[in-house]
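First up is the structure itself, then whatever we jot down about it.
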Amino acid sequence: MLKSKRSILFSLLILSCYATLLGQSYPGFVTGNYAGAAGVISQPASIADNSYPWDVVLVGLNVFADNNYAKVTRSRAFMNFRFGDASTSYIRNNDTKYGLINVEATGPSFMLRLKKGRAVGFVSRVRTYGNVDGLSGELASAMADGYGNSDLFNQTFDNQQLHLKLNSWQEYGITYAQVIKHTPYLKIKAGVTAKLLIENGGAQVDFITASFQNVGNNLISIPQFSLDYGYSQKMQTIFDGGFSFFQGKKGFGMDVGLEYEFYDGIVGSTPSSTKIIGDYNRQTNTVPKYKYKLGFSIVDIGRLKYTYGENSGTANLVNNGTDIVDISTIEGNLNDPNALSNALTNMVNLTKQTGTYTMGLPTAFQANVDYRLRPNTYLNANAYVNLTFLKWSDYNVHDLSNVTITPRWENNWLGFYLPFYMNIEGQFNMGLGTRIGPLVLGVHDFLPFLSRKESTSAGVYLMFKTYIPNKKEKTGVKCGPEGWERGKKRKR
């Protein structure tokens, strides 16, 4: 039985490696055994029967950006942080271009372990996602040259499209998790997080054209096109110089998760404060000695409903009858909706957008495998699958589907994480993270600091949380199957 279970585990690991799947938040740490309250970000069930009796996150910040349009090349090697030595260049190929940014600030959050394998938690976050999708390699090269490359003059570009999305919101989530089955060899946990969502602001641009011609000198001919752009009324308030943190459109979201832990007979010792609750061995403030753990979750289910800002619009014809527009007339107005609307009114048959639209969260499915190689040493595989293609809202922000493989070593005081990340576009990163007591910090891509590697992504994360030392262990007392059976006999 044990051999077959190990075969299943390694098959899942292999499938995760070969699956075509923001960057994960706090990579390496958030799926470890010392994540505490932060663990509910990716798995609500993780706090049930947690190794911590309670845990508090004071503050955290995660920033990740990725693209395949521009790259940064460092001219120096290891540990030279003078970014002025870096040079930027465009990636010129025929690949469809994308760009994304994920900025996440974690506010005061906590978890509390209850009796009978239950736990509750609360997480507060402010999140901002931005996406650029659909830009063809040919059009990207023309844009990089400012449409001024004479080799591209009078060239026709067919079936072009560009989609931009931006969504920023606050979320306040309450989590409930519970052990739903416990035997000597396994533990199954389930959890759910209900979220209150509050709008900060949202915006979108959709541009689609059957063809256009690069006339040259910033002039392009667009005989047929569809332009649709909008932003939320709350963002209009920001442009006008006002902002209220808790005022904005409200919405509802949720995460759901399930975890399965398997124990074998070689499991180590537990603290002297071990208690017997019900019919299983209860550990107080010690890391579970599972052989492997499987987790499945669907995160960020939900959407926000926005009212269009007053300068949102749609268009499909050029006003002057020649189909020729001057791109330079709008380039300086992209950050001002009022000026942009005025410039577009002089160019195209602009019609104002009114009413409401919905913006979905970056909904995703996650499958996680955590395997204990030896005491304190683990191998984690996490598959992240973008589900926004299901289209339950007018627009969506998203992360790219990806696989992250993370070797980690951790104990009560220290943790080291080495996440290897690859997304569906073939982009590869090697991150580096550490936990020292209450401090967690790391980078999403460490390779540029090791060599002159060209980098298309960047990201850092930082978290400050409570540090709860484990109580002194009493040798000779076993957890897992042996401790479970011993506890039953003692209770009789």
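Each residue of the sequence shown is one higher than the last, beginning at 39 in my numbering.
Where is the CB? At the ideal position from N, CA and C, for every residue including glycine.
The structure displayed is predicted, hence computed values, not measured ones.
Taking a cut-off of 8 angstroms on C-beta distances, the region 401-410 does not touch the region 242-254, as fewer than three cross pairs fall below it. If you check the CB distance, R446 and G66 come in under 8 angstroms. Straight-line measurement puts the Cα of L470 at about 28 angstroms from the Cα of G159. With contact defined as three or more Cβ pairs closer than 8 angstroms, the region 208-215 and the region 148-168 are in contact. Within 10 angstroms of the beta-carbon of F263 lie 16 or more other beta-carbons, which makes it buried. Within a 10 Å sphere around the beta-carbon of G291 sit 16 or more other beta-carbons, which makes this residue buried.
In the three-state DSSP reduction, V161 falls in the strand class (E or B).
Close CB contacts of T389 within its chain, under the 8 angstroms cut and outside five residues either way in sequence, are with G351, T352 and A353 (chain order).
When the alpha-carbon of E237 is set against those of I218, S89, G497 and Y269, the nearest one is in Y269.
Within the DSSP secondary-structure output, P445 pairs in a beta bridge with L417. The C-beta of L200 has 16 or more other C-beta atoms within 10 Å across all chains shown, which makes the residue buried.
I218 places its beta carbon less than 8 angstroms from that of A228. Between G289 and G347, the gap from beta carbon to beta carbon reaches 8 angstroms or more.
In this structure S127 is exposed. Its beta-carbon is surrounded by fewer than 16 other beta-carbon atoms within 10 angstroms.
Under the 10 Å beta carbon count, P91 is surrounded by fewer than 16 other beta carbons and is classified as exposed. Assignment of S350 by DSSP, reduced to helix, strand and coil, places it in the coil class. Nearest in C-alpha terms to T383, of all of Q274, P400 and N349, is N349. Rounded to the nearest whole angstrom, the CA to CA distance from G480 to M397 is 31 angstroms. Leaving aside the five residues that flank V478 on each side, the residues in its chain whose CB is nearer than 6 angstroms to its CB run, in chain order, F67 and M501. When secondary structure is reduced to three states using DSSP, L382 falls in the helix class.
Between the region 437-451 and the region 415-425, the count of C-beta pairs closer than 8 angstroms reaches three or more; the two stretches touch. Of the candidates F195, V97 and G145, F195 places its Cα closest to the Cα of A248. Leaving aside the five residues that flank Q274 on each side, the residues in its chain whose CB is nearer than 8 angstroms to its CB run, in chain order, G347, E348, N349 and P375. Beta bridge pairing from DSSP links S270 with Y346. Where A180 is concerned, the enclosing alpha helix (DSSP H) starts and stops at G175 to A182. For W92, the enclosing beta strand (DSSP E) has its first and last residue at W92 to N105. The beta carbon of G393 is closer than 7 angstroms to those of Y346 in its chain, skipping five residues each way along the sequence. Boundaries of the beta strand (DSSP E) around E299: K288 to F300. Per DSSP, V68 lies in no beta strand (DSSP E) segment and is marked neither H nor E. Looking at the backbone, the Cα of K225 and that of Q81 are separated by about 15 angstroms.
Counting the other Cβ atoms within 10 Å of the Cβ of G464 gives fewer than 16, which makes it exposed.
When beta bridges are read from the DSSP output, I139 appears opposite A103 and G168.
For the pair V95 and V101, the Cα-to-Cα distance works out to about 17 angstroms. Residue range Q193 to H220 is occupied by the beta strand (DSSP E) that includes N205. Distance from the CA atom of S379 to the CA atom of V386, rounded to whole angstroms, is 10 angstroms. With fewer than 16 other CB atoms across the displayed protein chains lying within 10 angstroms of its CB, I474 is exposed.
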